[in-house]
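Novice:
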Amino acid sequence: MSKFQFPESIASRPVYGTLEPRPGKAHLMIADAEGAEAILDLAAQDAGLMAKTHIIYIPKGTDFAEALRALEPAQFYEGPSYAASVQRIRKVLGDAHMGLQVYLAGTEGLMGQAMNEAVSAGIPASAIQTEHRGSIARRMQCVHCKGITEDVTTDPFVCSHCGLNLFVRDHYSRRLAAFQGVCIDAEDPGNVPAPVELYK
Amino acid sequence: MSAAPQKAKAGAEKIAVTVSAVVPLNDLVTRFEFTRTDGADFPPFSAGAHTVVEMRDGDRTRLNPYSLMSDPADRSIYAISVRRDDQGRGGSLFMHTNVKVGDQMTLTYPVNLFPLDLRAKKHVFFAGGIGITPFKAMIAQLEQSNGNWELHYACRTPALGTYADELAEKYANKVHIYYDDQSQAIPLEDLLDGQPLGTHIYVCGPAGMIDWVHATATAHGWPSENVHSEEFLAPQPGKPFEVRLCQSDITIQVGEHESLLEAMERCGVDAPFLCRGGACGQCETDVVEADGEFVHRDHWLDDEDHASGKKIMPCVSRFIGKTLVLDR
Ligand code: FES
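Residue numbers (my numbering), protein chains in the order written: chain H, 14 to 213; chain W, 751 to 1078.
1) So if DSSP puts residue 994 (chain W) in a beta bridge, which residue, or which two residues, is it bridged to?
2) Go through its chain and collect everything with a Cβ distance to residue 873 (chain W)'s Cβ below 6 Å, but skip five positions before and after it.
3) My understanding is that residue 878 (chain W) touches residue 959 (chain W), with C-beta atoms under 8 Å, so please give their C-beta distance in whole angstroms.
4) Between which two residues does the alpha helix (DSSP H) holding residue 106 (chain H) run?
5) Within this structure, are the beta carbons of residue 781 (chain W) and residue 765 (chain W) separated by less than 8 Å?
6) Counting contacts by CB-CB distance shorter than 8 Å, is residue 1015 (chain W) in contact with chain H?
7) For the alpha helix (DSSP H) holding residue 830 (chain W), just list the boundary residues, first then last.
8) Whose CA, out of H:114, H:92, H:32, H:122, lies closest to the CA of residue 75 (chain H)?
9) Less than 7 Å separating the Cβ of residue 1063 (chain W) from some heavy atom of the ligand FES?
10) How long is the line joining the alpha carbons of residue 761 (chain W) and residue 858 (chain W), rounded to whole angstroms?
11) Can you find the residues in the same chain that come closer than 8 Å, C-beta to C-beta, to residue 78 (chain H), ignoring five residues on each side of it along the sequence?
12) Tell me whether residue 31 (chain H) is buried or exposed, calling it buried when 16 or more other Cβ atoms sit within 10 Å of its Cβ.
13) From residue 1010 (chain W) to residue 1018 (chain W), what does the alpha carbon distance come to, in whole angstroms?
14) Residue 964 (chain W) by DSSP, collapsed to three states: which one?
15) Go ahead and label residue 779 (chain W) buried or exposed: buried means 16 or more other beta carbons lie within 10 angstroms of its beta carbon, across all protein chains shown.
16) Does the beta-carbon of residue 168 (chain H) have 16 or more other beta-carbons within 10 angstroms, so that it is buried, or is it exposed?
17) Mind listing which residues of the segment 126 to 154 of chain H have their C-beta closer than 8 Å to chain W's C-betas, in chain order?
18) At least one CB of chain H closer than 8 Å to the CB of residue 939 (chain W): is that the case?
19) Which term fits residue 154 (chain H), buried or exposed, when burial requires 16 or more other beta carbons within 10 angstroms of its beta carbon?
20) Starting from residue 1065 (chain W), follow its DSSP beta bridges and name the residues at the other end.
21) Under the assumption that residue 130 (chain H) contacts residue 106 (chain H) (Cβ atoms under 8 Å), give the Cβ distance between them as a whole number of angstroms.
22) Which whole runs of the beta strand (DSSP E) in the segment 884 to 947 of chain W are 3 residues long or more, in chain order?
23) Looking at the C-beta of residue 27 (chain H), does it have a partner C-beta in chain W at a distance below 8 Å?
24) If you drop the 5 nearest sequence neighbours on each side, which residues of the same chain put their C-beta closer than 7 Å to that of residue 934 (chain W)?
25) Taking only the alpha-carbon atoms, compute the straight-line gap between residue 202 (chain H) and residue 17 (chain H) and give it to the nearest angstrom.
26) Under 7 Å between beta-carbons, which chain W residues line up against residue 104 (chain H)? List them in chain order, please.
27) Let me make sure I understand the geometry here. Which of W:849, W:918, W:901, W:985 has the alpha-carbon closest to that of residue 1064 (chain W)?
28) Contact between the segment 190 to 204 of chain H and the segment 167 to 181 of chain H: three or more CB pairs below 8 Å?
29) Between residue 1027 (chain W) and the ligand FES, is the CB less than 7 Å from at least one heavy atom?
30) So residue 844 (chain W) is in the alpha helix (DSSP H); what residue range does that whole segment cover?
31) Does the beta-carbon distance from residue 1067 (chain W) to residue 1045 (chain W) come in below 8 Å?
32) Do residue 822 (chain W) and residue 797 (chain W) come within 8 Å of each other at the CB atom, strictly closer than that value?
33) Hey, residue 95 (chain H) and residue 113 (chain H) are a contact pair by Cβ (cut 8 Å); roughly how many whole angstroms apart?
34) Given this structure, state the Cα-to-Cα distance separating residue 134 (chain H) from residue 1005 (chain W), to the nearest angstrom.
35) So does the segment 900 to 916 of chain W actually touch the segment 930 to 945 of chain W, counting three or more Cβ pairs closer than 8 Å?
36) Give me the residue from W:956, W:1013, W:783, W:862 with the minimum Cα distance to residue 742 (chain W).
Here is the structure:
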């Protein structure tokens, strides 16, 4: 099962819902990995949806692409990574008109970044649907060097840019689409607790 | 308790003004312009704001909200345009028949319940009849910043098209007028189609038009955040009823032609308000006890609140029944 129940947290931590079909002139679905399952569930609820849908999908090593293609969306794009897909996302949003519905599914890193693109294109955040599926890995920003480390699964972890030992906070930046990582051994260098898996 | 300064009186702060011009625009609509009696500049306002005009009508005080329609960049005057409503409660009729150049009146500071969303990539305005007034100010404000806007304005007849000719002449490419008597209608569905992402729409006019725009936009997949509307409700007459105000420790009678808020004010209770039209939320009052039925008419409380019988908006809502006790 690709669903995970996040524990209650602070106000800045995003919460995700369950995708539902909404009336719209066009539909843009952006998903990675197990996020494909949310799209499959969504498509099953509304037979007419896919004829007006553009799917942008990043498999991240999973094999859902064929199942998505079989939904026969109006357009389907498979990207090797989010970074490789972002140009296309921008182009689609730039050409879009009011009445577009945006659906995001998969990891928090993907949803947060795609949400930023959609908001800066002019869609209010509250009108964009999200559904978390799959990995609970986080996109983390090191508050010291500002470098981003993707797919962090343990707390603490080592910043992939400056090498500091970082404590994983629930404090989230929508602008960066990243959680904040803060040096855990600043007072007592080297005194680093053993990393544990997130949510364990 | 919050440390916020407590205002001496309910409602927004007041400004003493002198009527500087009375300009009839057509059979129904007249513009009233005001300057400050103390000669100073008016406080700046953002387009979409309204002011509450205090009218001394014999021993009766009328307080009616009107959208400011003057250019927000011009701080020397405030202007409103008032449509005469012969069937109404008498405020607009009083303005039309009694108010003369040189009269001293009182306005409140502007309050904006219908602001432009300046994040919008484009603003599309839908006006019906006298609903044009806030858009006059919005257009002036957006022209200053080279904003992207267009207006779709439905009027009954060319003769009653308040500001229609003026706007159409000045902004020929942005203003579209539709006359009922020529069977022209706003092609709403076509207009909602193909607007760039980040477009916001604004509607001001009769209730039916506002509902139509909201419903059509929702059906076309527009987020509710991108659809703005303003409708001031005038209090409706109704059966007289009795209310106990437990904080003030008095029992008052609400007459057929006055609102609950007006009755409280008549009895010397300083009840809070801003818009007096069921839109701002300022007058929200807790119900302590009720045996009877509420006639909720506001746009502020949600259905759940209305059903709960625990809250009432005294500026527009009424009560039918035996006992009503309010926490005021
Ligand atoms: S005074 Fe604004 S809702 Fe009653």
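For every residue, glycine included, the Cβ atom is placed at its ideal position computed from N, Cα and C. All of these numbers come straight from a predicted model, not from anything done at the bench.
Specialist: In this structure, then:
1) W:1001, W:1075
2) 899, 950
3) 4 Å
4) 95 to 108
5) no
6) no
7) Careful: residue 830 (chain W) lies outside any alpha helix (DSSP H), inside the beta strand (DSSP E) at 828 to 833.
8) H:92
9) yes
10) 8 Å
11) 49, 70, 72, 91
12) exposed
13) 13 Å
14) helix
15) buried
16) buried
17) 134, 135, 136, 137, 139, 140
18) no
19) buried
20) Note: residue 1065 (chain W) sits in no beta bridge, so no partner.
21) 6 Å
22) 899 to 905, 925 to 929
23) no
24) 928
25) 35 Å
26) Going along chain W, no residue has its Cβ under 7 Å from residue 104 (chain H), so there is no contact; the nearest lies around 12 Å.
27) W:985
28) yes
29) yes
30) 841 to 848
31) yes
32) yes
33) Contact doesn't hold; Cβ gap of about 20 Å is too wide.
34) 53 Å
35) yes
36) Beyond the ends of chain W as shown, which are 751 and 1078, falls residue 742 (chain W); an answer cannot be given.
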